[in-house]
Amino acid sequence: MPMVPMASILAAGRGVGAFNVIQLEHAYALVEGASRVGAPVILQISQNCVRYHGSLEPIALACMAVARSADVPVAVHLDHIESTDLVGEGIALGVGSVMFDASRLPYAENVAATRDVVRQCHAASVFVEAELGEIGGKDGVHAPGARTDPAEAAAFVEATGVDALAVAVGTSHAMTTRDAVLDLELIAALRAAVGVPLVLHGSSGVPDETLAAAVRAGITKVNIATHLNKVFTSTVRAALGSSESLVDTRKYFGPARDAVAAEVARLLGVLGAEVNAR
2 MPMVPMASIL
12 AAGRGVGAFN
22 VIQLEHAYAL
32 VEGASRVGAP
42 VILQISQNCV
52 RYHGSLEPIA
62 LACMAVARSA
72 DVPVAVHLDH
82 IESTDLVGEG
92 IALGVGSVMF
102 DASRLPYAEN
112 VAATRDVVRQ
122 CHAASVFVEA
132 ELGEIGGKDG
142 VHAPGARTDP
152 AEAAAFVEAT
162 GVDALAVAVG
172 TSHAMTTRDA
182 VLDLELIAAL
192 RAAVGVPLVL
202 HGSSGVPDET
212 LAAAVRAGIT
222 KVNIATHLNK
232 VFTSTVRAAL
242 GSSESLVDTR
252 KYFGPARDAV
262 AAEVARLLGV
272 LGAEVNAR
C-alpha cells in the first residue's frame, strides 16, 4: 500500500494514533499494532530522533519503506521540527507531513515563521501542523497553566494557513505517570473555533478514559511516545534480567517490539481508530 496523505487519515472523523519512532523496531511495531485492528497510523520522526541518528535520511527512508509495506493506511510525519533546513530536507526525501514548532517564539514571530514554512510545504503538497500555546516541558514537569486561547487559535490558523493545530489543554511532554487532567471544555471550544484538525501532544500522561473523552470533545490526532518507550524498555529490561548470557539483540528487541505492537493495538481501540476490527 502506498503511503497515505496525512489529510486523508485525519479527515476520517475518528481519533488517530500518532506514535514516535526511534529505532526501526518501533516502526515495525507501530504498523503491526495498527494492522491488528485495521486502523490507520502515523509514524512520527522528531527532531530529537534525527539528532540521535545523526541525519534524517536513513530513518526517514526506513519508515517510508515500512509504511509502503503495510496493509493499513500509514503516514510518515516529522514531529517538533524547529529547523527550516530540516523541513526542506524532509520535503526532498518525500515525507508528506511536517509539524513545524515555533511555539517558543512570541506570537507574531510564530505566525511569520509558520506562514513561511506553510508556503514552502504547500508548494510541495506537504501537510503542515503547528503549535500554539506552548505545551509543557520536555523536562517532564506537568504544566497546568499552559492553555491555548480559542480566539487566538482561530486567528493563528487563518493567518498561517496550517492544516492542523497542536493545542495546549493540560498535557505535558515526557510524562511517565498517566494522571494528566485535560480541560475538555476548552477542547470543545477550540473545536468550535478552529476549522482544522486538533492535535493532542504529550498524550502519554493521559489516562485511557480521558483520551477517549478528548477525542469525543474534538481532538483528532493523538501523539504518544514516552508511554510506548516505557513498554519497550521494561520488556528489554525483563529479558536481559532473565539471563546474563543473553547477547543476541533479537532475543530482547523482538519481545519488546511485540509488546509495543500489542499496546499500540490497545491504544488505537481506546481512541476509536479501528476501521475493520480483526
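Residue numbers for the sequence shown follow the numbering used here, so the first one is 2 and each next one is one higher. For each residue, glycine too, the CB sits at the ideal point set by N, CA and C.
Bridge-paired residues (DSSP) for residue i
i      : result
LYS222 : VAL17, VAL200
PHE101 : ILE82
SER300 : The requested residue 300 is not part of the displayed model; the chain covers only 2 to 279.
GLU315 : It is not possible to answer for residue 315, since the shown part of the chain is limited to 2 through 279.
VAL42  : VAL75
Buried versus exposed call for residue i [16 or more other C-beta atoms within 10 Å across all chains shown]
i      : result
PHE234 : The question names Phe, but residue 234 is Thr in the sequence shown. That one is exposed.
GLU110 : exposed
ARG258 : buried
LYS139 : Confidence in LYS139 is poor, its pLDDT being 45 and thus under 50, which makes the residue's placement unreliable; the coordinate value appears in the next sentence. The residue is exposed, with fewer than 16 neighbouring Cβ atoms inside 10 Å.
ALA278 : Note that ALA278 scores 37 on pLDDT, short of 50, meaning its location in the model is unreliable and no value can be drawn from it.
PRO107 : exposed
ASN224 : buried
VAL142 : Annotation note: pLDDT 30 at VAL142 (below 50); position unreliable, coordinate value reported separately. Per the 10 Å Cβ criterion, exposed.
ALA226 : buried
GLY14  : exposed
ALA152 : exposed
GLU210 : exposed
LEU272 : buried
GLU245 : exposed
ASP80  : buried
PRO59  : exposed
GLU130 : buried
LEU241 : exposed
GLY55  : exposed
Sub-8 Å separation of residue i and residue j beta-carbons
i      : j      : result
GLN45  : VAL22  : yes
ALA165 : LYS231 : no
ALA274 : ALA71  : no
LEU133 : GLU90  : no
GLU83  : GLN48  : yes
VAL265 : TYR253 : no
ALA61  : VAL96  : yes
VAL88  : ALA28  : no
ALA262 : ALA113 : no
VAL118 : THR85  : yes
ALA8   : PHE128 : yes
LEU183 : VAL168 : no
Assigned secondary structure, residue i (DSSP; H/G/I helix, E/B strand, else coil)
i      : result
GLU245 : coil
VAL32  : helix
GLU110 : helix
VAL75  : strand
VAL261 : helix
LEU57  : coil
VAL127 : coil
SER88  : Looking at the sequence provided, one finds Val at residue 88 rather than Ser. Helix.
VAL195 : coil
ALA215 : helix
LEU268 : helix
ALA165 : strand
THR250 : coil
THR1   : Lying before the first or after the last residue shown, residue 1 is absent from the chain, which here runs from 2 to 279.
GLY141 : With a pLDDT of 32 at GLY141, under the threshold of 50, the predicted position of this residue should be treated as unreliable, and no value is reported.
GLY273 : coil
GLY95  : coil
LEU183 : coil
ALA155 : helix
- Task: Say whether the stretch 36-51 touches the stretch 184-196, bearing in mind that this needs 3 or more beta-carbon pairs closer than 8 Å, one atom from each stretch.
- Result: no
- Message: Would the stretch 242-255 count as touching the stretch 183-190 if we require 3 or more Cβ pairs under 8 Å?
- Response: no
- Using 8 Å as the Cβ pair cut-off and three pairs as the minimum, do the stretch 120-131 and the stretch 91-111 touch? yes
- Query: Pairing CB atoms from the stretch 146-166 with CB atoms from the stretch 203-216, are three or more of them under 8 Å?
  - Reply: no
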